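These protein sequence lines are chains A and B, in that order. The opening residue of the first sequence carries number 2 in the numbering used here; numbering runs sequentially from there. The opening residue of the second sequence carries number 872 in the numbering used here; numbering runs sequentially from there. A quick write-up on the structure given underneath.
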Amino acid sequence: MTAPLALTGLEQAAGAVREHLDRGQRRVTLYGRASSGKTSAMRLIAGQLEAGGWGVHRTQMTGDDDGALVALAMLGADLGDDVRGCLFDLNVPWKRKLQSVVGGLGRTGGRTAVLVDDPWFGSPEEAPSLFAERATDLLDEIERTPSLSLVLSRSDRPLAGTVVELPTAAEPHAVLAAERWQRSSLAHVARQLAEAGDARLARLSPVELRLAVALASVKGMNAAGALQRLRTGPHAFVRTVLDSLGNARFRTAIVRLGVMRTPFDEATLDELLGETTASERGLVLDALLFKTDDGFVVPELLARVAKERLYTLRFAELKEAHFVAARFHERGFAEQARPASVSRAADLRAVKRHEMEIIHHLTEAGDAAAVFSRSVDFVEQYDKLGKTLSIRGVRTSKRALLQRAVDAYDRALVHDTDDPYAHHYRAYNLDVLADDPAPVEEGYRRALILRPDHVWHHGRFVAFLVTCGRPREAHDAWEEALRALDGLRGHAWLFRELHRPVARLLLHRGRLEFAREVLDDVPERLGDTWFAPARVLLAQLEEAEADQLVFPASVPPDSRWEGPHLLIAKGERARVVRWMPGRIERANGEISVRFAEHAAKFGRRKFNAAGFRRVCPTARPTMPPAGTFLEIIELEGEDHEVIRCHPMSTALNDLPALFPHPDRYL
Amino acid sequence: MALPALAADELHVFVFGPGTGELVAVRAPPNDWLIVDGCGVGRTKYGPALLAHYGASPRLIALTHPHRDHAVGVADIVDMFTQGPVRTWPQIGLLWPTPRDRVNLHDLQAYFAGGVVEDALSAIRNRWRRHPPSRWDLEVGSSTQLGEASITVASPERNTRRDAWKAWQRGGSYDPNQIATVLDVSWHGHHIILGSDLVEQPGRGWTVAQPRCEAAVATKVPHHGSTNALHASWIRGAPHLAVTPFASSNLPRFDKTGGIARMLATVDTVHLTALPRAYTAQVGTPQRLTRRELERLGDAEIDPPVHGWPDCYVMLSIAADGSARLDHGPGSVQITESGGRVRPRRRVVRPRGGRS
């Protein structure tokens, strides 16, 4: 199956972009949803601009943490030896590399456009990471250079700036045309779909049309049935298609394709697919992948969903998929790196791309030794390795992985002693390992000096000090964090990354005054799901501190004394003479109940097991544990009080988890 | 009511206990302080408040065992006095490793207590790591100087510690009070036993500790005067007995078989820092009551209530000749067996044995 040139309006969109640039616009965004043909459109734009006398540089971000590095490397590979010498020198920091490359682009003379496919900025819902900042740096630096214009292609709609929108639909009859499917076992399904004449077909992209063919073929559906599944939107449709693909083995094989970020060859396809039947392979080739001049391509829409599911693979399987990918790029590197080839800029780009992909796949495979044994061009590649190992170490509770993450950050710091990310995360991994707090403190402090504006640097340092029983310094660090991050108070992630972990730890440690101070600083609208349970826990613990904990969190404070809360029958309510809230504070043979007669008068009662069971029928056969809230109720006409127990409260279920565990240094 | 003035040539022992929790502070001439455990009411931590009142810095700090009623404010004291250069840091005592109560969010009172204990342990362990000379291992039989006085660790024995630790690691049951640290403060041949929460049952803790404890001028009664903690070793010599209450366990008990009655069989008066009830229900002025009156008192209110720090303490002052004087803070109760006025007196307990 060839690339989907059945998209209508690409030429028109490319022309619109070119016109904007010709009129002097410095930044134009080409917006189109996933798999709507943005890459094809960018190729057309490049062609049109070059024909119009523009200098054109194309690059692409990968959507992973190395997105900006790959994009910069591809841009720099086009430039002269002086720029490349700086760019590919591991000891040169990012800012200088960036200035060198963008300066080089700006010096090429005449009108120059930089085309960036799929720029990646991280999520606006999260605090910006080092890697997202690198991407922003790159685009900012290009925009700051007066002789450069910037064209971005994005599948998330920008809220501002000059935007050219791609048409969302293909020409369905062209996509489903018989000549496109003539060698495919799915030809009859494509024909049925085309002949159905459903109006919805005209709203679909080529990828969606092909996925509809795939779905209809595996489920034996008619066209209407397959199209019906598209009602939930393209991403959900892809998930539906994936879920429908025969057996788990085949579905997993498709997910493995998600590791590939560049076009790849047939041998790699076969290795990733593993054992598949001829019909399954046919389905992949005819309906799921595109074949381009550079090799097989996983369409963006499918790649996104497959990538989401990579983490459902067993680690050994994921690791092997990345090794397959690494081997593909090793072959490509060996092929391209022959001295006769690399004289051309295009070949140098290919060599560098293969090199960076090898590092990426070895990193994702968690093979630190393999990464360490290779030359890398960017300190950030060690940072990325450290991050990958760390996340995996935390998820699997494997200390060896955390130690290897520390090794990766050590490597980064050898080449850039001022890398705040490496200082911080080296410290963080050592903090989780909890062998020695001294280097942890040193790393956190150094990162704060280098980047005092980063929320994680503050949050983790404050938490570290609290963990170590250093509340005074923790409070000073907290005040400093609020000062340094004051300009970020509009973001919910500030409170999630700073206030949430600090408050949770302080609550755990019984440092309630400080915890209240932290929670009081959170605007309620930005508090997220963690905020309410944290406040509930604070209120409960304050009562525990005062030895006045007699109401469960499930009873709202305003209606506490409007009880009893555990009576069900109306008739019973009318017979209540007196009731008191309480809590079992000890149940080790003797049952000790803390109770309140009213908001200012508290008392204790002791029961033996038999006595307690007599007044509390639900205590048979199992005695409620310490911590159980209850009500002591005196009813008219009864010769003794009764005790009723509250069910376990769910009010604290959404409390954030405590990690790393606060007793790790003990 | 202000705290009493200190005499430069006397040894002073403060025992605080505001209903729940216990703090013992020793000021040895010339001006060296030992802080043992901690307690607090609301946000007032008694240890830091006491030291701030006298403008003092501790030479020694000890956490006798990892229970919340002894751990409140310990992290704060450790933190407060480890801000400067390490040469000025106190020595900080803790048995390590030590078992701790396992807690979870289903029992929030225990969860809160567990957090306070963890905070104290973390503060101590952190200072040990940062400045190893600050470590005071509380090895049984070891002694350390506190000004002119010396502090000897009288309990627990190594095998008891080891057994408790193993039991905890196995998830088995154990009583942390079996491994509570007992300190013997010695000055001019006079001894004061700080009994922490060491119990006789289970574990025969006091039978084992007995040979290491000298006859005392005064004893901070172990484990809030529970019958499990009673033992002749710390009552012998008819010393001054200071007791802290533990409200949730209703300790000490005033009935005729309870701990107070047993103590009053040997001594005329037992000095209780506060009643075994909530802090807000404590008495605003020092009281003198008989055991029977207390037995009948129950939860009955006595006015006026305490008005806040400093309160709920008994202070013992010992001169070099062994004569002793007691001061009583708001909330405290002097308990006698029979009625009649308690005669304030200075009593000399002759030192026995050679340790000083």
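All C-beta atoms, glycine included, are put in the ideal place defined by N, C-alpha and C. A quick note: this is a predicted structure, and the numbers were derived from the prediction, not measured.
For A:S650, no beta strand (DSSP E) segment is defined, and its DSSP state is neither H nor E. Close to chain A, meaning a Cβ-Cβ distance shorter than 7 Å, are the following residues of the stretch 1160–1191 of chain B: D1170. Under the three-state reduction of DSSP, A:T146 is assigned to coil, being neither helix nor strand. For A:H509, the chain B residues whose Cβ falls inside 7 Å of its Cβ are G986, in order along the chain.
Per the coordinates, the alpha-carbon of A:R135 lies some 8 Å from the alpha-carbon of A:L70. Within the stretch 611–637 of chain A, no complete alpha helix (DSSP H) segment of 4 residues or longer occurs.
Among the residues of the stretch 610–644 of chain A, those with a Cβ less than 9 Å away from any Cβ of chain B are P626, A627, G628, T629, in the order of the chain. Under the 7 Å criterion on CB atoms, B:D1046 is classed as non-interfacial with respect to chain A. For the pair A:L284 and A:D417, the Cα-to-Cα distance works out to about 48 Å. Contact between the stretch 183–200 of chain A and the stretch 38–55 of chain A is absent: fewer than three C-beta pairs spanning the two stretches fall below 8 Å. Within chain A, T468, C469, G470, Y666, L667 have C-beta atoms less than 7 Å from the C-beta of B:S993, given in sequence order. B:L1065 is bridged by DSSP to B:L1054, B:K1091. Bounds of the alpha helix (DSSP H) holding A:V239 are 235–245.
Residue burial annotation: B:V957 is exposed, with fewer than 16 other C-beta atoms found within 10 angstroms of its C-beta. In this structure the stretch 651–660 of chain A does not touch the stretch 585–597 of chain A; the number of beta carbon pairs closer than 8 Å is below three. Between A:H424 and the set A:R561, A:L434, A:D384, A:L403, the nearest pair of CA atoms involves A:D384.
DSSP places A:Q100 in the helix class (H, G or I) of the three-state scheme.
DSSP, reduced to helix, strand and coil, places A:Q61 within a strand of the structure shown. Using a CB distance cut-off of 7 Å, A:F603 counts as an interface residue toward chain B. Three or more pairs of CB atoms, one per stretch, sit closer than 8 Å, so the stretch 1196–1207 of chain B contacts the stretch 1135–1147 of chain B. Of the candidates A:F265, A:V306, A:R250, A:P168, A:V306 places its Cα closest to the Cα of A:F238. Here A:W562 is exposed, its C-beta having fewer than 16 other C-beta atoms within 10 Å. Fully contained in the stretch 543–594 of chain A are the following beta strand (DSSP E) runs of length 3 or more, in chain order: 577–589. For B:Q962, the three-state secondary structure derived from DSSP is strand. By the Cβ criterion, the stretch 991–1000 of chain B is not in contact with the stretch 1020–1033 of chain B, since fewer than three pairs of Cβ atoms, one from each stretch, lie closer than 8 Å. In the assembly as shown, A:I633 is a buried residue. Its beta-carbon has 16 or more other beta-carbons within 10 Å. A distance below 6 Å between beta-carbons, with the five flanking residues on each side excluded, links A:H236 to no residue of its chain. In the DSSP assignment, A:P440 falls within the alpha helix (DSSP H) that extends over 438–451.
Under a 10 Å Cβ-count criterion, A:L160 is classified as exposed, with fewer than 16 other Cβ atoms of the shown protein chains found around its own Cβ. B:V974 is not a Cβ neighbour of B:A942, given a cutoff of 7 Å.
From the beta-carbon of A:R606, no residue of chain B is found nearer than 8 Å; the closest lies around 10 Å away. Nearest neighbour of A:D295 by Cα position, chosen from A:G590, A:F265, A:L506, A:L636, turns out to be A:F265.
With the rule of 3 Cβ pairs closer than 8 Å, the stretch 977–986 of chain B does not count as touching the stretch 1005–1020 of chain B. In the DSSP assignment, B:F887 is bridged to B:L894, B:Y1184.
Beyond the five residues adjoining it in sequence on each side, A:R501 comes within less than 7 Å, by CB distance, of W531, P657 in the same chain, given in chain order. At least 7 Å separates the beta-carbon of B:G1129 from that of B:V1114.
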